[in-house]
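Down below is the structure, laid out as structure tokens.
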């Protein structure tokens, strides 16, 4: 029988019930958010006091060291939560009127590039040249640190200025400063080479500069491709980009205290303040954060416009993701060591706390490492990281954990769950911990790694070199479960403590396995990103015109849905008449396959029309009765490609309207737990050149001298899906006989798949080995 102290237990129940009430969707508001955060902090402070006062293990020096190290990690986590709450407490929403026509200033656009693909740069430059802004007041500079003739040629082709400096000193910061010294615009818009601006970018940002103190306007980073987690774990529709919490929750909160900062791209600077601080700061690898902090210390303001005005590419591989985070970690630690905001002159108290919160984030790797291995100290070594009765631990820790979970899920506005924070931190903790450690001994070392963009994988493969530490810790966790279980069974350690340590270890093991599986790069079949863009589309095939709306669009093709009657696609003169035995038996039959050649007309919301050539690669009926058509583009010329890029990427408001949030907390946990299995599911790619029609016909399947009877489920000009009552699995070429009243259709086929259906026998997919359109059309004619 558990001896549960009355008062702590009652207080724990009250705190949990209060958190449940306050985080309920129907009662939640901005004012209640503060109460939720205070309840969370009270539960955390209560737990940490109890840990310090009653649970530190002082049995021997090793146990004491382990106990204090774990407690230190918990203190770090609590401080991080406090700073997080302070940053997001009062987010700001901004909107500014665009300048009047006569007040439009001169603007220089800096597009930085090193070794990225020219195709990536092309889209960004097309977006820049398509901005809704007077051309004579706009000058676009391509700042090339790769010294490539192709970049120069593309810049000249699109009417942009090409700049290439004599050396690569100070990496991206030095490149921007070179552009600053060789340009003269009053304002400077900065874009990475993969960030494509929408047409209204400048008109929606320049209005804020009416305040002479405003030196910087930053916009969110939006990524139109799935990030490493979404792609490799097959969770593109279930979780949002890993950086969304920062851009849509933290940055708007920082803006309340004039502490939102430049994020490296998608920003506009006033030239004068930049020149007063000596340009973009070059002492650290996080030149964006550091430059903003220096501007703020000089009394200038920043504005964070929480509206998506540009779209770019997220890191596309596990390795590039980790390299990017290592670079950020080194830069953050450099700022901490060389220009710490706590004692930097000119910053307000809240600015200091906001910058400190951003910098301390880069030390989370050490805390995560401690959390991962802490339960092993008891399971393997018999050294408990804390000494407490299980009821006491549940009384103090459980409310702290559950309330923190609910509070974080609520204040993060659906952009992150605590479970996925654990996953993100576990993935990078080994690498950024080492980077942070190394930076303490060489803070002035500035080796800049450019994040690769436009990576494609021709095959599925696991990047073993990047998961060695995860594998080692994973094996230790498995050993801990085995050894700890053995010791608990034979009474060598306390069973209740072993059980709790086992649950902790099991959770860590799930996260570690997810981090390992994440390194398994998935095959990429697409050469360009598919954007779920809905615009008017008109497809002309011969004399037929099909009107509809696109469901997705890319630079290589589109999918569209039409609500028109499929039979209307084929005028009467194009119906084929088949002769069977005598003229009296002539019957009209519809040709169900579309010719491949097509002319496409896209009509955007702003009235722009894009005309392209293409070929039909997929054509199918949907259960709703609509027709779905897939088109591959052919022979896209320069002006056509530019128009297509504008249609896909540059419409104002599109990215904002389509931005979504993640699944709720415990659904996210389910996705995380199942992710190691989801990643091995083979993607099914459908390429139908003729539609499947749901038709029920009696059929026979002959294999040698054996005959199996059944019924069709659907049929097309390429094959048939049929159900056989026999449960014997067939794996060879077959002869098919289909019966439609007095007409028999006979053909040879190849079984391409087989699946079991409860109570219905086996469903086979059979591909026809030869095309027999006239005979099949006649066979189907009675059903029309």
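In our numbering, the protein residues as written are 73 to 856. We put the CB at the ideal spot given by N, CA and C, even for glycine.
- Proximity to residue 814 across 770, 801, 171, 82 peaks at 770, based on C-alpha coordinates.
- If you look at residue 274, you'll find it in the alpha helix (DSSP H) that goes 273 to 277.
- Shown here, residue 725 sits in coil according to DSSP, grouped into three states, outside any helix or strand.
- In the DSSP assignment, residue 152 falls within the unbroken alpha helix (DSSP H) covering 133 to 160.
- Residue range 359 to 369 is occupied by the alpha helix (DSSP H) that includes residue 363.
- The bridge partners DSSP lists for residue 290 are 339, 376.
- Between residue 618 and residue 701, the C-beta spacing is below 9 Å.
- Fully contained in the region 763 to 815 are the following beta strand (DSSP E) runs of length 3 or more, in chain order: 770 to 775, 778 to 787, 791 to 796, 805 to 812.
- Rounded to the nearest whole angstrom, the C-alpha separation of residue 489 and residue 146 is 19 Å.
- It is roughly 5 Å from the alpha-carbon of residue 419 to the alpha-carbon of residue 369.
- Only buried fits residue 115, as 16 or more other CB atoms lie within 10 angstroms of its CB.
- For a cut-off of 8 Å, the C-beta gap from residue 268 to residue 196 is around 5 Å, short enough to register as a contact.
- Of all alpha-carbon atoms in 726, 612, 534, 687, the one lying nearest the alpha-carbon of residue 604 is that of 726.
- Under the three-state reduction of DSSP output, residue 232 falls in the coil class, being neither helix nor strand.
- Out of 323, 182, 385, 277, the CA that lies nearest to the CA of residue 256 is found in 182.
- A straight-line Cα-Cα distance of about 20 Å links residue 212 and residue 713.
- Of the residues 789, 768, 442, 776, the one whose Cα lies closest to the Cα of residue 782 is 768.
- Under DSSP, residue 849 takes part in no beta bridge, so it has no partner.
- With distances taken between CA atoms, residue 595 lies nearest to 533 out of 589, 538, 698, 533.
- In this structure, residue 614 lies away from residue 635, with their beta-carbon atoms at least 9 Å apart.
- Between residue 504 and residue 397, the C-beta gap is smaller than 9 Å, which places the two residues in contact.
- Under the DSSP assignment, residue 393 falls in the alpha helix (DSSP H) whose first and last residues are 390 to 410.
- Within the DSSP bridge table, the entry for residue 382 names 269 as partners.
- In the structure shown, residue 472 adopts helical secondary structure according to DSSP, grouped into three states.
- Beta-bridge annotation (DSSP): residue 817 is paired with 810.
- In the same chain as residue 341, and ignoring 5 residues on each side of it, the C-beta atoms closer than 6 Å to its own belong to 260, 288, in chain order.
- DSSP links residue 196 through a beta bridge to no other residue.
- Sorting 616, 238, 209 by C-alpha distance to the C-alpha of residue 220 places 238 at the top.
- Cβ atoms of residue 570 and residue 560 come within 8 Å of each other, at about 4 Å.
- The closest CA to that of residue 246, considering only 328, 226, 350, is found on 350.
- Counting only the Cα atoms, residue 601 lies some 23 Å from residue 669.
- Here the C-alpha atom of residue 822 lies approximately 11 Å from the C-alpha atom of residue 775.
- DSSP, reduced to helix, strand and coil, places residue 453 outside both helices and strands of the structure shown, so it counts as coil.
- The Cβ neighbour count for residue 805, taken over all protein chains shown within 10 Å, is under 16; the residue is labelled exposed.
- For residue 163, the CB contacts under 6 Å within the same chain, skipping 5 residues up- and downstream, are 324, 325 in chain order.
- Within the same chain, and ignoring the five residues on either side of residue 176 in sequence, the residues whose Cβ sits closer than 6 Å to its Cβ are 206, 209.
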